[in-house]
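Numbering (mature numbering (1 follows the signal peptide of the UniProt record, and there is no 0)), first residue to last: -17 to -1, 1 to 443.
A virtual CB, placed ideally from N, CA and C, is assigned to each residue, including glycine.
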Ligand SMILES: *[C@@H]1O[C@H](CO)[C@@H](O)[C@H](O)[C@H]1NC(C)=O
Ligand SMILES: *[C@@H]1O[C@H](CO)[C@@H](O)[C@H](O)[C@H]1NC(C)=O
């Protein structure tokens, strides 16, 4: 598959390594946020957002010139690599370039003032785009590193009235490098400006580049995702899921890693969603989650419920204390009212916030694997939060488990009345990507009004 474009031939000169293409100028959409020092005392920051490199057009570094036209060969098409250009991981980095993004036209991403809207399915002139993953930047080549503790709160507004079963509007933090790995890996010439360096607690293996090299060696195209596959390497780091949600269910989930910063892993020893043994890696893929429905309160969150997801609302997350004593506390604000998180209604699990005690109790009562503690638990999560993390704002569907772990009965062969199994009101047959992509193509999520500050400074 080729794309022909008319450009001046002087644009052909590029450096060696995971390269940068010149067909589309990279212009990061602006999005303001506020740094508060006390209630009513906040300073506006001019942030920008960047889309992850994995979503970008990846093509030959130089094009074939015919008259005024230059045509490029794709290095990656659908879910396959061009193995002539990408004979191995290093060759791929030397031969291929990621290009700039048309945020609205190609990816359905629109920023305005303090808000960012992500559309689910966007039909562009060359391709149909599904979902997106964006990062908040400090400047055009650096991610903003948010320091989330000790005793800090993070607040944002969300409108997910248009997000049905099977979709996940996720706002979260990961311990990526602030320059996307540009300095550490000399063959990464793109860096944060082009959204490189992603990592999370699933140690994702669907990334096309890791550590300035391709991920073509060992690549297996997905059987049910026409755009994705699994490569021989993954990219691990700590992850704090502030918000994984649709209009039916929500979860807040810390995921600890024994090594906090971005670390490349090999094959199935990566663990996580993409590997044979889920628990083989550096990170805790399950986390210690608080989902109000799963914790027994079925009237708290949803359309027409206490937190009414048919309208915009504010989500407050407090990081109180440090080390193993870290407490992650949730409030909501809607219609001028502060709403405390729902209390656990599960016998043997106490409270309405995430603490080491809550995790101990919840894993025991639900009979879940307790990897969170093995990977350093709250102490390692606190270290990651206090060390500075990159803010991710995304929208995705789930080719591995149809998002049923968030919004339905999961595992699906268990009874929803068993504690820990019912997570939301969606049918166990819902969330199949092919269905949501066709039936809910126009779904979207809007994040806005982001604030960071000391406890009780950003709301109420
Ligand atoms: C792969 O790349 C080579 C070298 O640019 C090109 O000749 C070939 O047509 C490409 N293959 C496909 C399937 O695009
Ligand atoms: C924040 O507000 C809550 C609820 O009003 C209060 O219990 C808590 O002590 C306050 N925390 C701080 C650090 O002011």
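(message) Between the stretch 120 to 134 and the stretch 407 to 419, can you find at least three pairs of beta-carbon atoms closer than 8 Å?
(response) Too few Cβ pairs lie closer than 8 Å, so no.
(message) Just checking residue 43 against ligand 1 - is the residue's beta carbon closer than 7 Å to any of the ligand's heavy atoms?
(response) If you number the chain shown from 1, residue 43 lands on position 60. Because some heavy atom of ligand 1 lies under 7 Å away, the Cβ of residue 43 counts as near it: yes.
(request) Anything with a beta carbon under 5 Å from a heavy atom of ligand 2 counts; list them all in chain order. (result) Spelled out in chain order, the answer is 438 and 439.
(request) Throw me the rounded Cβ distance for the residue 43 and residue 79 pair, which I believe falls under 8 Å. (result) On the chain shown, residue 43 is found 60 positions in, with the first residue counted as 1. On the chain shown, residue 79 is found 96 positions in, with the first residue counted as 1. Going by Cβ atoms, the distance from residue 43 to residue 79 rounds to 7 Å, so yes, they are a contact pair.
(message) Need the endpoints of the alpha helix (DSSP H) that residue 228 sits in, please.
(response) Your numbering for residue 228 matches position 245 in the chain shown. That residue, residue 228, is in no alpha helix (DSSP H); its beta strand (DSSP E) goes 222 to 228.
(request) Look up residue 136 in the DSSP assignment and say whether it is helix, strand or coil. (result) Here the question's residue 136 lines up with position 153 in the chain shown. In the structure shown, residue 136 sits in a strand (DSSP, three-state: E or B).
(message) Can you tell me where the alpha helix (DSSP H) holding residue 361 begins and where it ends?
(response) Residue mapping note: residue 361 aligns to position 378 of the chain shown, counting from 1. For residue 361, the enclosing alpha helix (DSSP H) begins and ends at 360 to 370.
(request) Please classify residue 63: is it buried, with 16 or more other beta-carbons within 10 angstroms of its beta-carbon, or exposed? (result) Indexing the chain shown from 1 puts residue 63 at position 80. Under the 10 Å beta carbon count, residue 63 is surrounded by fewer than 16 other beta carbons and is classified as exposed.
(message) Which of the three DSSP states is assigned to residue 58 in this structure?
(response) As a first step, residue 58 must be located in the chain shown, where it is residue number 75. DSSP, reduced to helix, strand and coil, places residue 58 outside both helices and strands of the structure shown, so it counts as coil.
(request) Go to residue 296, then tell me how far its beta strand (DSSP E) extends in each direction, as first and last residue. (result) Looking up residue 296 in the chain shown gives position 313. Annotation: the continuous beta strand (DSSP E) that includes residue 296 extends over 296 to 303.
(request) Report the residue from 150, 110, 91 and 89 whose alpha carbon sits nearest the alpha carbon of residue 385. (result) Locating residue 385 in the chain shown gives position 402, counting from the first residue. Residue 385 has its Cα closest to that of 150, out of 150, 110, 91 and 89.
(message) Quick test of the definition: if touching needs 3 or more C-beta pairs under 8 Å, does the stretch 420 to 440 touch the stretch 103 to 117?
(response) Yes: the two stretches touch, three or more of their Cβ pairs being nearer than 8 Å.
(request) Indicate the three-state DSSP secondary structure (helix, strand or coil) for residue -4 in the structure shown. (result) The residue you call residue -4 lines up with position 14 of the chain shown. In this predicted model, residue -4 has a pLDDT of only 38, less than 50, meaning its place in the structure is not dependable; the value taken from the coordinates is given anyway. In the structure shown, residue -4 falls within a coil segment according to DSSP collapsed to helix, strand and coil.
(message) Per DSSP, what are the beta-bridge partners of residue 237 in this structure?
(response) Here residue 237 corresponds to residue number 254 of the chain shown, with the count starting at 1. Among the bridge pairs identified by DSSP, residue 237 is matched with 223.
(message) So if DSSP puts residue 216 in a beta bridge, which residue, or which two residues, is it bridged to?
(response) Residue 216 sits at position 233 when you count from the first residue of the chain shown. For residue 216, which the question treats as bridged, DSSP gives the partners 249.
(request) Determine the burial state of residue 23: buried for a count of at least 16 other Cβ atoms within 10 Å of its Cβ, exposed for fewer. (result) Your numbering for residue 23 matches position 40 in the chain shown. It counts as exposed.
(message) At the level of alpha carbons, what is the spacing between residue 319 and residue 16?
(response) Residue mapping note: residue 319 aligns to position 336 of the chain shown, counting from 1. Residue mapping note: residue 16 aligns to position 33 of the chain shown, counting from 1. Using only the alpha carbons, I get a separation of about 20 Å.
(message) Below 7 Å, is the gap between the Cβ of residue 62 and the nearest heavy atom of ligand 1?
(response) What you label residue 62 is simply residue 79 of the chain shown in a count that begins at 1. Flag unset: Cβ of residue 62 not near ligand 1.
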